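With the first letter of the sequence shown counted as 1, position 247 gets the number 432 in our numbering; the numbers rise by one all the way through. Below you'll find the structure, written out as structure tokens, and then a few comments.
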Amino acid sequence: MVNYKDLGLVNTRAMFAKAVKGGYAIPAFNFNNMEQMQAIIMAAVETKSPVILQISKGARNYANQTLLRYMAEGAVAYAKELGCGHPEIVLHLDHGDSYELCKNCIEMGFSSVMIDGSALPYDENVALTKKVVDFAHQHDVTVEGELGVLAGVEDEVSAAESHYTKPEEVIDFVTKTGVDSLAISIGTSHGAYKFTPEQCTVDPKTGRLLPPPLAFDVLEAVEEKLPGFPIVLHGSSSVPQEDVDIINSNGGCLKAAVGIPEEQLRKASKSAVCKINIDSDSRLAMTAAIRKTMAEKPAEFDPRKYLGPARDRMKELYMHKIINVLGSNGKISH
Ligand code: G3H
Ligand code: 13P
Ligand code: ZN
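Spelled out as structure tokens, the structure:
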């Protein structure tokens, strides 16, 4: 059993309480390779932001669970080397789908886990989530649960359509399970294709697709039921058009990719939403930079020559999210 505290990591409890009170959100960035991790830590240190490094089941399968765990431990040392005396870094399991996976991660040094029982019948979601919470809390590890279903596809989590969270269920769920935070469904979804063209309107000025607004009424109703309780938004990439254009003009083919407008995420960050999950935007930034470098320098074959610009572009993206969207910059005091 590895205790996350011995790795210099923190759980989400104090971080979320501060964020809810302060009207900002903590960035939860997925990572599965070294360049992403470096970019996340450089951005967090430069902006003095707390950060959640999150690992999906797919990432564990891709990059090896042991290596990723050591990378997270290395992230703490790296942040210190970059000048942050007391980094606030959470190592979080994203979309855990079984008790065994969550337990295994906790035993490997994760400081926070998500148990995603959102696709299960309500009572089964409650029972599974409670089982994970009971084990996690014995080790002071925090747990995120989920109520409501997000549309979209991830490696391990998929749903054809979304169902908004039912505000009338949240008190019962939180009380029965003891979760520390709750992911809700208010219209965000995973991936780079969050809405079909039919769900969007066309901006007459730019000709680009404008997505439907998030269901802030559902968020407000949840906040009313659970005042001050930490709320999480998944599927919160904005799918920057600039990156989509770079990809498409350098051999890529991303058609009608649409994300969540940043002004809506800015608004959500000021509410009880205290964790915002971003993965796809980082994938787009990385792919855009790699495609551009490869197109401009076809004779280049040193991976550092295209992964370096990819890392720079991801760092820029993470800093932008922290400073201009989530507002978590300057929240580490020492
Ligand atoms: O929401 C989940 C993340 O985007 C992880 O995706 O399962 O493809 O690693 P993944
Ligand atoms: P995006 O696909 O919008 O980046 O969402 C990521 C996510 O929710 C990870 O859990
Ligand atoms: Zn997610």
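All C-beta atoms in this analysis are idealised placements derived from N, C-alpha and C, irrespective of residue type, glycine included. The structure displayed is predicted, hence computed values, not measured ones.
In this structure, V275 and N196 form a Cβ contact; the two beta carbons are roughly 7 Å apart against a cut-off of 8 Å. Every beta strand (DSSP E) of 3 residues or more that sits fully in the stretch 346–423 is shown, in chain order, as 366–369, 416–418.
It is roughly 6 Å from the alpha-carbon of M499 to the alpha-carbon of A470. Residue state for G259 is assigned as helix, using DSSP reduced to three classes. The alpha-carbon separation between L238 and V334 amounts to approximately 23 Å. Along the length of the stretch 429–474, whole beta strand (DSSP E) runs at least 3 residues long occupy 458–463, reported in chain order. Exposed is the label assigned to M186, since fewer than 16 other Cβ atoms lie within 10 Å of its Cβ.
Remark: the C-beta of A244 is in contact range of ligand 1, defined as less than 8 Å to any heavy atom. In terms of CA proximity to T327, I291 leads the group P306, I291, Y307, V311. H280 counts as buried, since no fewer than 16 other beta carbons sit within 10 angstroms of its beta carbon. With fewer than 16 other Cβ atoms from the protein chains shown falling within 10 Å of its own Cβ, L252 counts as exposed.
At a cut-off of 8 Å, the beta-carbon of H505 does not count as near ligand 2: no heavy atom of the ligand is closer than that. Not one heavy atom of ligand 1 sits closer than 8 Å to the Cβ of S370.
Annotation: the stretch 188–245 contains the following complete segments of the beta strand (DSSP E) (minimum length 3 residues), in chain order: 211–215, 236–241.
Here C287 is buried: its Cβ has 16 or more other Cβ atoms, across all protein chains shown, within 10 Å. Here T350 really is in contact with L332; their C-beta atoms are around 5 Å apart, less than 8 Å.
For the options Y263, A406, Y247, S366, the alpha carbon positioned closest to that of D301 is the one of S366. Per DSSP, I300 is not a residue of any alpha helix (DSSP H); the beta strand (DSSP E) it occupies stretches across 297–300.
Non-local C-beta neighbours of P425 in its own chain, meaning closer than 7 Å and more than five positions away in sequence, comprise D466, L469, ordered along the chain. The alpha-carbon of E329 is positioned some 19 Å away from that of K190. Here the alpha carbon of Y263 sits roughly 43 Å from the alpha carbon of D308.
Of the residues D430, I225, A321, A400, the one whose Cα lies closest to the Cα of K477 is D430. For the set L395, N514, A377, D357, the Cα lying nearest the Cα of I463 is the one of A377.
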